[in-house]
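Under the UniProt record's numbering, the first residue of the sequence shown is numbered 1, with each subsequent residue one higher.
Structure first, commentary second.
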Amino acid sequence: MNEPTSPVRVAVVQFDPQVGMENRENNLRRSLELALEAVNGGANLIVLPELSSTGYFFSNRQDAFEHSESVPGGSSVQSWMDFAHQHQVYLVAGLTERDGMRLFNTGVLVGPDGFIGKYRKAHLWNLEKLWFTPGDLGFPVFDTPIGRIGLLICWDIWFPEVPRILSQQGADIICSLNNWVWTPPPLFDDAGKCMASYLTMTAAHVNNVFIAAASRIGEERGARYLGCSLIAGTNGWPIGAVASADKQEILFADVDLTSSRSAPIWNNLNDLHRDRRADLYDQMLGYTQHPSLPR
Numbered sequence: 001m002n003e004p005t006s007p008v009r010v011a012v013v014q015f016d017p018q019v020g021m022e023n024r025e026n027n028l029r030r031s032l033e034l035a036l037e038a039v040n041g042g043a044n045l046i047v048l049p050e051l052s053s054t055g056y057f058f059s060n061r062q063d064a065f066e067h068s069e070s071v072p073g074g075s076s077v078q079s080w081m082d083f084a085h086q087h088q089v090y091l092v093a094g095l096t097e098r099d100g101m102r103l104f105n106t107g108v109l110v111g112p113d114g115f116i117g118k119y120r121k122a123h124l125w126n127l128e129k130l131w132f133t134p135g136d137l138g139f140p141v142f143d144t145p146i147g148r149i150g151l152l153i154c155w156d157i158w159f160p161e162v163p164r165i166l167s168q169q170g171a172d173i174i175c176s177l178n179n180w181v182w183t184p185p186p187l188f189d190d191a192g193k194c195m196a197s198y199l200t201m202t203a204a205h206v207n208n209v210f211i212a213a214a215s216r217i218g219e220e221r222g223a224r225y226l227g228c229s230l231i232a233g234t235n236g237w238p239i240g241a242v243a244s245a246d247k248q249e250i251l252f253a254d255v256d257l258t259s260s261r262s263a264p265i266w267n268n269l270n271d272l273h274r275d276r277r278a279d280l281y282d283q284m285l286g287y288t289q290h291p292s293l294p295r
């Protein structure tokens, strides 16, 4: 067997951050305690859920502003940066970003050397439209020593253009930050998987990319959350278990991150990337904000 060129132990953290200013400190502390559990389990890439320092269900726009902070100067990002530096790991987490009078549902990527970059959620779900501004940074992919890392947030996975554009840029892994919510039944199939699990698996499969999806659990101001975190391999299937709907969990997967760059040729005539009809649509689906890197 070939030695891995970029061995990574990925961990996705599923827990229950709660909205409310009185919960901010505890949310951050819990995220760091669970990230430390992941480090102690050998992880060097750790993914926390969407809005993991603030909780999700704000009561109004002013409430959302009170929960917000600047990026990367705010206290949550600084704490995650300190953690990543201390433990020499990469960490992805979600928070409410304030930029002037605008609020964004943002994911940050930090590493051993500090702040790497951020992604602002492009597709806003339901009441989010009343307090967040749709993301304006496009879909960046960050080149790191362990591989190329893209981010998406929750509802984004329902828009197949997002993982496709990230993978066309050359992402090795997509970190998916989620607060998947309880919607009208049926929520789960006989295998116990929710639709978000299948969308994640499908996106990984059709793009030949790893996806590490961290979701949350619990209830908050009448809203209920689905859990179902997972780490999907380049073939789409979960590596290990899909998390429960209601328990705090950490999932791990050992992967060779850059193995996503090998063309998936399942037989002599099929190749996912070569077979794309770039004569009918361009290579990046009209996306021009970031360059396409070789895979």
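Note that the Cβ used here is the ideal one computed from N, Cα and C, for glycine as well.
Assuming contact is defined by CB atoms lying nearer than 9 Å, are P238 and M201 in contact in what I supplied? On the sequence shown, residue 238 is found 238 positions in, with the first residue counted as 1. On the sequence shown, residue 201 is found 201 positions in, with the first residue counted as 1. The Cβ atoms of P238 and M201 lie closer than 9 Å to each other.
To the nearest angstrom, report how far apart P4 and R224 are at their CA atoms. The sequence position of residue 4 within the sequence shown is 4, counting from 1. The sequence position of residue 224 within the sequence shown is 224, counting from 1. The alpha-carbon separation between P4 and R224 amounts to approximately 40 Å.
Suppose the cutoff is 7 Å on Cβ atoms and the five residues either side in sequence are ignored; what does the same chain contact list for S79 look like? Reading the sequence shown from its first residue, position 79 is the one you call residue 79. The beta carbon of S79 is closer than 7 Å to those of L28, L32 in its chain, skipping five residues each way along the sequence.
Check for me: the beta strand (DSSP E) holding T144 runs from which residue to which? On the sequence shown, position 144 is the one that residue 144 refers to. First-last of the beta strand (DSSP E) with T144: 141-144.
Quick one: Cα of G218 to Cα of S259, how far? Position 218 of the sequence shown, counted from the first residue, corresponds to residue 218. Position 259 of the sequence shown, counted from the first residue, corresponds to residue 259. Going from the Cα of G218 to the Cα of S259 covers about 35 Å.
In DSSP terms, what A223 is bridged to: Indexing the sequence shown from 1 puts residue 223 at position 223. A223 pairs with E220.
Which same chain residues, not among the five before or five after A11, have their C-beta less than 6 Å away from its C-beta? By one-based count along the sequence shown, residue 11 stands at place 11. Around A11: A38, A43, I46, I250, F252.
Three-way DSSP call (helix, strand, coil) for I239 in this model: By one-based count along the sequence shown, residue 239 stands at place 239. Looking at I239 - three-state DSSP - the assignment turns out to be coil, as it is neither helix nor strand.
Nearest neighbour of R9, chosen from G233, Y287, L293 [CA to CA]: Sequence index remark: in the sequence shown, residue 9 carries index 9 (1-based). Cα-wise, what sits closest to R9 is G233.
Rounding to the nearest angstrom, what Cα-Cα distance links I231 and S197 in this structure? Here residue 231 refers to the residue found at position 231 when the sequence shown is read from its first residue. Here residue 197 refers to the residue found at position 197 when the sequence shown is read from its first residue. Our two residues, I231 and S197, have alpha carbons roughly 10 Å apart in a direct line.
Using alpha carbons as the reference points, say which of K121, L48, W131 lies closest to D63. Position 63 of the sequence shown, counted from the start, is the residue given in the question as residue 63. The residue among K121, L48, W131 with its C-alpha nearest the C-alpha of D63 is W131.
Which same chain residues end up closer than 7 Å to R102 when comparing Cβ atoms and leaving out the 5 residues on each side of it in sequence? Within the sequence shown, numbered from 1, the residue matching residue 102 stands at position 102. Taken in chain order, the residues that qualify are T133.
Only counting the same chain, and skipping five residues up and downstream in sequence, which positions put a Cβ closer than 7 Å to that of G20? Here the question's residue 20 lines up with position 20 in the sequence shown. Around G20: G55.
Are G170 and V206 closer than 9 Å when you measure CB to CB? Reading the sequence shown from its first residue, position 170 is the one you call residue 170. Reading the sequence shown from its first residue, position 206 is the one you call residue 206. Result no, Cβ atoms of G170 and V206 do not sit closer than 9 Å.
Proximity winner among D189, L48, F104, R276, relative to W125 (alpha-carbon distances): Here residue 125 corresponds to residue number 125 of the sequence shown, with the count starting at 1. Per the Cα distances, F104.
Runs of alpha helix (DSSP H) wholly within the stretch 160-217 (minimum 4 residues, chain order): Runs of the alpha helix (DSSP H) inside the stretch 160-217: 161-168, 195-207.
List the whole-angstrom C-beta distance separating F65 from A35, where the pair is believed to meet the contact cut-off of C-beta under 8 Å. Here the question's residue 65 lines up with position 65 in the sequence shown. Here the question's residue 35 lines up with position 35 in the sequence shown. In fact, because the Cβ distance is near 27 Å, the residues do not count as touching under 8 Å.
For Q14, report the span of its beta strand (DSSP E) as first-last. Residue 14 sits at position 14 when you count from the first residue of the sequence shown. Going by DSSP, Q14 is part of the beta strand (DSSP E) stretching over 7-14.
Status (buried if at least 16 other CB within 10 Å, exposed otherwise) for T288: To locate residue 288, count along the sequence shown from 1; it is residue 288. Within 10 angstroms of the beta-carbon of T288 lie fewer than 16 other beta-carbons, which makes it exposed.
Can you give the Cα-Cα distance for E22 and V242, rounded to whole angstroms? Position 22 of the sequence shown, counting from 1, holds the residue named residue 22. Position 242 of the sequence shown, counting from 1, holds the residue named residue 242. Spanning the alpha carbons of E22 and V242 requires a straight line of approximately 32 Å.
In the DSSP assignment, find the alpha helix (DSSP H) that holds L32 and state where it starts and stops. Taking the sequence shown and counting its residues from 1, the one referred to as residue 32 is at position 32. Its alpha helix (DSSP H) spans residues 24-40.
In this structure, how does DSSP classify K247 when only helix, strand and coil are distinguished? Counted from its first residue, the sequence shown places residue 247 at position 247. Note: K247 maps to coil in three-state DSSP.
Quick one: grab the DSSP three-state call for S129. Here residue 129 refers to the residue found at position 129 when the sequence shown is read from its first residue. The sequence as given places Lys at residue 129; Ser does not occur at that position. Three-state DSSP puts K129 in a helix.
So the candidates are D143, S68, D156; which of them puts its Cα closest to the Cα of W180? Your numbering for residue 180 matches position 180 in the sequence shown. Nearest C-alpha to W180: D156.
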